[in-house]
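Written below as structure tokens is the structure these notes are about.
Chains as they are written, first to last, in our numbering: chain A, 1 to 329; chain B, 330 to 676.
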């Protein structure tokens with residue numbers, strides 16, 4: 001999965017912000033904002049898998065919808081292949097949609113129940129006005145085979161399929177136009193363990209075969225470890241750590257990452273007694289009024305005065321290992 | 330089943346729970362047996378539709394008898410529950426056995442305060458006045474780690490966060506000091522840091538009260554954390570059971586191998602592909618003939634005489650492994666060989 005040659009950024013994100021306004025009264029006066037994503041800077045390199053992990057409410061899904069431009073950013077800049085796409089309108093984005101596709105979490109609500117599989121997977125061709133060689137039907141059947149379904153499924157409806165098969169249909173649709181970047185938001189979390197493994201392997205194979213670049217958003221740290229080359233950890237709208245897989249799991253530098261990793265149950269009963277678990281107190285604070293300075297300080301055991309006064313910037317601790325903490329490990 | 334010395338508190342024998350539907354008879358649970366001792370934890374693992382939740386609801390006596398056909402034996406502290414007087418079961422439910430559900434938002438009534446619901450649960454089983462019951466509710470909310478319990482007791486469920494709600498539900502389940510606690514996917518809806526808090530809480534409470542615990546989950550990590558014994562369910566039957574350590578280090582059923590192979594590991598670098606189970610779980614109306622797992626089993630053709638497709642394998646002891654049982658037609662030596670040579674090195 002690693003990219004030979006110098007890593008080249010396919011997608012660059014700088015200072016990305018998304019605030020959802022909270023309004024009140026008949027005049028819809030703005031009284032506050034949910035600071036879902038608050039200043040993200042990172043890039044996605046050609047051919048890699050960037051894993052984005054964090055707990056619910058950390059802004060990872062909002063981030064996914066911003067970089068695919070399903071949401072309008074409040075501030076910041078998004079560049080795809082060197083081109084600024086931050087504020088492109090619907091028609092301006094249309095050609096870009098060929099290159100950037102999304103796979104959704106819920107295989108039940110992301111497929112139109114009244115459309116056949118053929119219509120669903122063939123939709124991108126119609127919307128983009130593309131006539132593939134040999135016709136749409138042949139192309140769609142090829143795609144169905146690619147994701148491990150039978151070409152005969154062309155005329156069936158989504159309800160005739162199991163969860164895992166539906167997720168494959170969603171993947172076939174995302175791959176129809178041979179995109180360069182695929183953003184997958186919790187692609188396996190709705191699936192049973194044995195089916196989850198099938199879909200993870202499928203995503204792996206497709207990346208090798210088609211040279212795809214993935215941004216995979218998930219809350220499951222084991223899945224993220226398995227699929228990602230580099231991993232970004234988010235907390236309350238901020239990036240707290242960004243590094244390659246090996247250093248993240250063997251030498252996490254941010255206290256939140258450490259706590260997160262230690263909290264994951266390990267499927268090995270013999271380790272039960274040996275493990276040291278860092279228990280965080282309480283819950284994630286509200287993104288409407290996040291803590292001053294470092295947003296993690298209210299739950300952090302290292303918190304000092306400076307943490308409430310100054311926000312720690314995301315700095316390079318070692319080569320390729322970025323951390324936003326005043327007291328990294 | 331394990332080295333725990335507590336006496337058997339719950340004993341289930343050949344429990345069958347079938348439902349009549351318009352499409353046919355759904356055999357959700359089809360002959361399952363297990364014991365849970367005081368002070369020990371049984372983990373029931375399986376995928377959706379394997380019958381784990383139906384089993385637990387069956388133990389609690391929560392199936393409507395008009396809809397469900399239930400047979401077999403469930404002994405709670407020596408008392409038979411199947412066919413017992415519903416009023417008697419209702420007395421036991423809550424006081425001797427209690428349940429924690431997956432989704433606390435739908436398991437709690439949105440219209441009543443958390444305190445009122447705990448008070449009600451307590452007063453059903455104890456003849457005390459409201460003030461005493463309220464004191465008890467505050468005490469329990471404090472015990473499960475809810476800050477400012479004397480104030481939060483008057484909050485409504487929607488004013489609690491997910492983790493807090495789960496704690497409140499645990500408080501409600503524990504209010505009558507039940508000796509059997511059934512937790513059905515208690516942490517599935519929670520974030521990992523909160524999950525860790527809840528798992529710790531369940532473990533501490535068990536130590537404190539010495540109760541028997543059944544934890545139902547699809548997450549092998551969670552059972553590895555908590556369970557002393559594990560029971561693996563597939564299509565309404567138990568395919569393997571035994572001490573947790575045996576199930577994880579020397580499993581003897583191809584489905585258990587499949588579950589272990591499907592799971593990405595957080596504790597080691599694994600660059601190879603996962604080894605998933607092919608296909609998907611069967612419909613419980615048309616469970617495959619013979620071994621229910623045979624259409625998905627990579628070794629289905631190995632046993633002589635094609636028994637897998639005609640005869641259902643019985644749960645038999647694994648030779649030389651105390652308390653470890655599995656239901657597979659493959660010879661034990663063959664399974665030992667496959668595990669040590671083919672499966673274990675790839676995990």
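In this text, a Cβ means the ideal position worked out from N, Cα and C, and glycines have one as well.
Model, not experiment: these values are computed from the prediction.
Could you tell me the distance, in whole angstroms, from the CA atom of residue i to the CA atom of residue j?
i: residue 552 (chain B); j: residue 132 (chain A); result: 50 Å
i: residue 623 (chain B); j: residue 586 (chain B); result: 14 Å
i: residue 667 (chain B); j: residue 640 (chain B); result: 22 Å
i: residue 404 (chain B); j: residue 338 (chain B); result: 8 Å
i: residue 35 (chain A); j: residue 198 (chain A); result: 36 Å
i: residue 73 (chain A); j: residue 42 (chain A); result: 15 Å
i: residue 326 (chain A); j: residue 558 (chain B); result: 44 Å
i: residue 566 (chain B); j: residue 359 (chain B); result: 6 Å
i: residue 480 (chain B); j: residue 546 (chain B); result: 33 Å
i: residue 459 (chain B); j: residue 238 (chain A); result: 47 Å
i: residue 2 (chain A); j: residue 229 (chain A); result: Residue placement at residue 2 (chain A) is poorly supported in this model, since its pLDDT is 46, which falls under 50; the coordinates still yield a value, given next. Taking the straight line from one Cα to the other gives about 7 Å.
i: residue 105 (chain A); j: residue 189 (chain A); result: 7 Å
i: residue 58 (chain A); j: residue 258 (chain A); result: 16 Å
i: residue 427 (chain B); j: residue 100 (chain A); result: 50 Å
i: residue 5 (chain A); j: residue 594 (chain B); result: Only weak support exists for where residue 5 (chain A) lies, its pLDDT of 47 falling under 50; the value from the coordinates is given anyway. Spanning the two alpha carbons is a distance of roughly 29 Å.
i: residue 172 (chain A); j: residue 139 (chain A); result: 11 Å
i: residue 527 (chain B); j: residue 663 (chain B); result: 41 Å
i: residue 434 (chain B); j: residue 484 (chain B); result: 13 Å
i: residue 37 (chain A); j: residue 18 (chain A); result: 5 Å
i: residue 596 (chain B); j: residue 397 (chain B); result: 43 Å
i: residue 366 (chain B); j: residue 340 (chain B); result: 9 Å
i: residue 671 (chain B); j: residue 399 (chain B); result: 40 Å
i: residue 386 (chain B); j: residue 31 (chain A); result: 47 Å
i: residue 550 (chain B); j: residue 531 (chain B); result: 15 Å
i: residue 268 (chain A); j: residue 98 (chain A); result: 44 Å
i: residue 209 (chain A); j: residue 166 (chain A); result: 21 Å
Am I right that residue i and residue j are in contact with their C-beta atoms under 8 Å? What's the rounded C-beta distance?
i: residue 470 (chain B); j: residue 500 (chain B); result: 5 Å
i: residue 311 (chain A); j: residue 294 (chain A); result: 6 Å
i: residue 111 (chain A); j: residue 158 (chain A); result: 4 Å
i: residue 195 (chain A); j: residue 164 (chain A); result: 4 Å
i: residue 539 (chain B); j: residue 652 (chain B); result: Incorrect: roughly 21 Å between the Cβ atoms, too far for contact.
i: residue 284 (chain A); j: residue 256 (chain A); result: Actually they do not touch by this definition, with Cβ atoms about 10 Å apart.
i: residue 478 (chain B); j: residue 439 (chain B); result: The pair is not a contact, with the Cβ atoms about 20 Å apart (cut-off 8 Å).
Provide the residue(s) that pair with residue i in DSSP beta bridges, ordered along the chain.
i: residue 345 (chain B); result: B:359 and B:400
i: residue 32 (chain A); result: A:22
i: residue 102 (chain A); result: A:183
i: residue 569 (chain B); result: B:561 and B:655
i: residue 340 (chain B); result: B:364 and B:404
i: residue 259 (chain A); result: None, per the DSSP bridge assignment.
i: residue 214 (chain A); result: A:49 and A:182
i: residue 645 (chain B); result: B:655
i: residue 667 (chain B); result: For residue 667 (chain B), which the question treats as bridged, DSSP gives no partner whatsoever.
i: residue 14 (chain A); result: A:77
i: residue 9 (chain A); result: A:45
i: residue 37 (chain A); result: A:18
i: residue 353 (chain B); result: B:350
i: residue 477 (chain B); result: DSSP, once it has assigned bridges, lists no residue as partnering residue 477 (chain B).
i: residue 323 (chain A); result: A:241 and A:315
Residue j and residue i - do their beta-carbons sit closer together than 8 Å?
i: residue 184 (chain A); j: residue 216 (chain A); result: yes
i: residue 160 (chain A); j: residue 151 (chain A); result: no
i: residue 369 (chain B); j: residue 335 (chain B); result: yes
i: residue 64 (chain A); j: residue 16 (chain A); result: no
i: residue 243 (chain A); j: residue 320 (chain A); result: yes
i: residue 82 (chain A); j: residue 213 (chain A); result: no
i: residue 448 (chain B); j: residue 466 (chain B); result: yes
i: residue 71 (chain A); j: residue 62 (chain A); result: yes
i: residue 55 (chain A); j: residue 522 (chain B); result: yes
i: residue 650 (chain B); j: residue 575 (chain B); result: yes
i: residue 382 (chain B); j: residue 192 (chain A); result: no
i: residue 657 (chain B); j: residue 605 (chain B); result: no
i: residue 462 (chain B); j: residue 491 (chain B); result: no
i: residue 357 (chain B); j: residue 347 (chain B); result: yes
For a contact defined as C-beta to C-beta under 8 Å, what are the partners of residue i on chain D?
i: residue 204 (chain A); result: Among the protein chains in the structure shown, which are A and B, there is no chain D.
Residue ranges of each beta strand (DSSP E) within the segment 149-210 of chain A, 3 or longer
181-185
Please give me, in chain order, every unbroken run of the beta strand (DSSP E) with length at least 3 that falls completely inside the segment 396-449 of chain B.
397-405 and 426-429
Could you give the uninterrupted runs of the beta strand (DSSP E) lying entirely in the segment 45-90 of chain A, keeping only those of 3 residues or more?
49-53 and 75-80
3-residue-minimum beta strand (DSSP E) runs that sit fully inside the segment 274-320 of chain A, ordered along the chain:
315-318
Unbroken stretches of the beta strand (DSSP E), 3 residues or longer, contained in the segment 224-259 of chain A:
230-235 and 238-244
What ranges does the alpha helix (DSSP H) occupy inside the segment 495-570 of chain B, keeping only unbroken runs of at least 4 residues that lie completely in it?
521-538 and 549-555
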